[in-house]
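Asks:
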């Protein structure tokens, strides 16, 4: 019974910290803090004028509720110049997966997703799972 109570408290804490939702951070310090604090984070570095970034947003929006244990974020590259430089982001969209504050994987552009605009969300989901222990673990699915 005590274990169930702890699990419910953990789930509430995660809901309070916006797990299960695809949210935007606008401050560089918040991106750094969140990627270091959370155990699993998927961050989409985007530009508002890039059509393919909007397509990526739709897919990540669909995945966020399914993988409650992973934080899904979007960050406008113009707001985070230090991170763009430090993480060597040169092509958009760029999705970077962090585990315990460490970069574990990245998806750059759509090349690994079939190189077209009309890929299925399940293709992105499978690609994100390929790193094994990183961003989307089996214990994560609700």
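Numbering (the working numbering), first residue to last: 2 to 143. Using N, Cα and C, we set each Cβ at its ideal position, and we do this for glycine too.
Just to confirm, are residue 45 and residue 96 a CB contact at a threshold of 7 Å?
Replies: yes
Asks: State the DSSP-derived secondary structure class of residue 107, mapped to helix, strand or coil.
Replies: DSSP places residue 107 in the strand class (E or B) of the three-state scheme.
Asks: Thinking C-beta only, is residue 76 closer than 7 Å to residue 32?
Replies: Contact flag set, yes.
Asks: Could you tell me which uninterrupted alpha helix (DSSP H) segments, each at least 4 residues in length, are contained entirely in the segment 13-53, listed from first to last along the chain?
Replies: For the segment 13-53, whole alpha helix (DSSP H) runs of length 4 or above, ordered along the chain, are 29-38.
Asks: Going by other Cβ atoms of all chains shown within 10 Å of its Cβ, with 16 needed for buried, is residue 41 buried or exposed?
Replies: buried
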